[in-house]
Structure formats: C-alpha cells, structure tokens
Amino acid sequence: GQGVEQPAKLMSVEGTFARVNCTYSTSGFNGLSWYQQREGQAPVFLSYVVLDGLKDSGHFSTFLSRSNGYSYLLLTELQIKDSASYLCAVRDSNNYAQGLTFGLGTRVSVFP
Amino acid sequence: DMKVTQMPRYLIKRMGENVLLECGQDMSHETMYWYRQDPGLGLQLIYISYDVDSNSEGDIPKGYRVSRKKREHFSLILDSAKTNQTSVYFCASSQGNYAEQFFGPGTRLTVL
Chain L
121 GQGVEQPAKL MSVEGTFARV NCTYSTSGFN GLSWYQQREG QAPVFLSYVV LDGLKDSGHF
181 STFLSRSNGY SYLLLTELQI KDSASYLCAV RDSNNYAQGL TFGLGTRVSV FP
Chain D
347 DMKVTQMPRY LIKRMGENVL LECGQDMSHE TMYWYRQDPG LGLQLIYISY DVDSNSEGDI
407 PKGYRVSRKK REHFSLILDS AKTNQTSVYF CASSQGNYAE QFFGPGTRLT VL
C-alpha cells in the first residue's frame, strides 16, 4: 500500500532550527514535495525532491533517502511566522493518475 | 498574476440540497484537482482533471462529480449533499510536474 507518515507536532524556539520528518511507502517512488499550510489558509508549495541528498534552499532545506523511504524538511533561523503545518506529499510512479498523496502534516510551533 | 480562485468561500446547505463549488485559474494549467481536508484525515483527492473533459476519480469520489468545460474552470458538484460532506474543499492546479500545485483559498462547506 501507500502511506505518508509525519509526527503530529513539533515545538521549537525562535532563532534555532526545526526538522520535520516524513516517512513514506510507495510501490514506485516518483518524487516528494513539501508544502506549508498556515492556520485557515491554503497549502503553499515549498520544495520538491526526487534525488537522494540534501537540497539547500536557504531558509528551507530538504533531504531525501529513497532507500529508507525518508525525507526531512529543515527550517533554520526560525521565526515566529514559521509557525504552521508542514505537509509532506509523495507521488507514486505506479499510480500516476492519482497525483500526490499527502501526509497529515506536522504542526510546528515556534516560541520566543 | 498567478492565481487560483474559489467561489464561494463559505457555504451552508441543508442535507439533500445540491451544491456547486467553482474554481478558476489564470495560469493555463492543464491539470486541476479537487481535495477535501478534514481534521485527522488530511488532504484527500476527490477528482483530478488532466484537461477539458478529461477527468479521473481520486481516492474519495463517491458522492461527487466534476465538470471541466474550459481549461481555466473546474467545478465540483454535490448532488444531494450529505452531512458527512461538511469539510473544507480546496481546488488546485499544476502544469506538467504534479509536485508543484497551486492551491485556491478553499471553500468551507457546512451541510446541516
């Protein structure tokens, strides 16, 4: 089957960092995306990874290990406004027609 | 201006009434989606549309149908709404790579 798992909550302190983990299982992997969703708002695309390794995009970085079915989103220099839910989504190459499968999201709370 | 719009933003209906949710995008994206988002269930794909009159069921199509007669418009129809269809509905669009989807602001539907 296909599943995307994320921790429900994560708390961190302003100025530090937060790592949001995502594990997935697919019959055929064809990329993983990260979205940010603030309370009461729509998801906003952050990053897409399809190859192993770390992709540095400044404030947000993403890591992927296909052999382990694992990714993380790293938020550095945290600001209060980074408080949001972060959604991991995968695409199954054996189920192309279905688009993305989303995890439930990790609610990140940044405290002063 | 790259934008996905949804109308209405809020809607209250009685059980058994018909519901029409409208979505528009100004990016000439081929692919459009309808999702619903519920606490504890995350974003679930209802329908995906690859272009005009080329629609495919998602994970939870029962009780819904869609219409796409122009590339920029994608409608979600609930014939005889049920109370368990109370949810927040998001429309999204993408071009080519399904990894980067642009979401509309959402419609909060309450079925009494």
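Just so you know, the protein sequences line up as chains L and D, in that order.
Note that the first sequence covers residues 121 to 232 in the numbering used here.
Note that the second sequence covers residues 347 to 458 in the numbering used here.
All C-beta atoms in this analysis are idealised placements derived from N, C-alpha and C, irrespective of residue type, glycine included.
Keep in mind it's a predicted model, so treat the numbers as computed, not measured.
Of all alpha-carbon atoms in Phe231(L), Arg227(L) and Pro127(L), the one lying nearest the alpha-carbon of glycine 160(L) is that of Arg227(L).
By the C-beta criterion, the region 198-212 of chain L is judged not to be in contact with the region 358-371 of chain D, since fewer than 3 inter-stretch pairs fall below 8 Å. Residue contact check for glycine 135(L) against chain D: no CB pair falls below 8 Å.
At least 8 Å separates the CB of proline 354(D) from every CB of chain L.
Contact between the region 353-360 of chain D and the region 172-179 of chain L is not established, with fewer than three Cβ pairs separated by less than 8 Å. Here aspartate 347(D) is not bridged, per DSSP, to any residue. In terms of Cα proximity to aspartate 176(L), the closest of Asp212(L), Thr196(L), Pro127(L) and Ala162(L) is Thr196(L). Within the same chain, Lys359, Leu424 and Ala427 come within 6 Å of valine 365(D) by CB-CB distance, once the 5 residues on both sides are set aside. Secondary structure note for threonine 226(L): its beta strand (DSSP E) is the uninterrupted segment 226-231. Of the residues Tyr168(L), Ser185(L) and Ala128(L), the one whose Cα lies closest to the Cα of leucine 387(D) is Ala128(L).
Shown here for glutamine 383(D): same chain residues with a beta carbon closer than 7 Å to its own, the five before and five after excluded, namely Leu389, Ser433, Val434 and Phe436 in chain order. Apart from sequence neighbours up to five positions away, the residues of its chain that approach serine 153(L) with a beta-carbon distance below 6 Å are Tyr168 and Ala209, ordered along the chain. In the assembly as shown, arginine 414(D) is a buried residue. Its beta-carbon has 16 or more other beta-carbons within 10 Å. If only complete runs of 3 or more residues are kept, the region 366-449 of chain D shows the beta strand (DSSP E) at 377-384, 388-397, 400-403, 411-416, 419-424 and 433-440, in order along the chain. Taking 8 Å as the CB threshold, proline 163(L) lines the interface with chain D. Positions of the beta strand (DSSP E) runs, each at least 3 residues long and wholly inside the region 147-210 of chain L, are given as 149-157, 164-169, 173-177, 180-185 and 190-195 in order along the chain. Listed by position along chain D, the residues whose Cβ is nearer than 7 Å to that of serine 177(L) form an empty set, because the closest Cβ is around 13 Å away. The beta carbons of valine 412(D) and serine 440(D) sit about 16 Å from each other, so the pair does not count as a contact at 8 Å. For the 8 Å CB-CB criterion, alanine 438(D) and methionine 378(D) form a contact. Under the 10 Å beta carbon count, glutamine 447(D) is surrounded by 16 or more other beta carbons and is classified as buried.
For a Cβ distance threshold of 8 Å, residue set Leu207, Phe222, Gly223, Leu224 and Gly225 of chain L lies close to glycine 388(D), ordered along the chain.
With a threshold of 8 Å between beta carbons, glycine 370(D) makes no contact with chain L.
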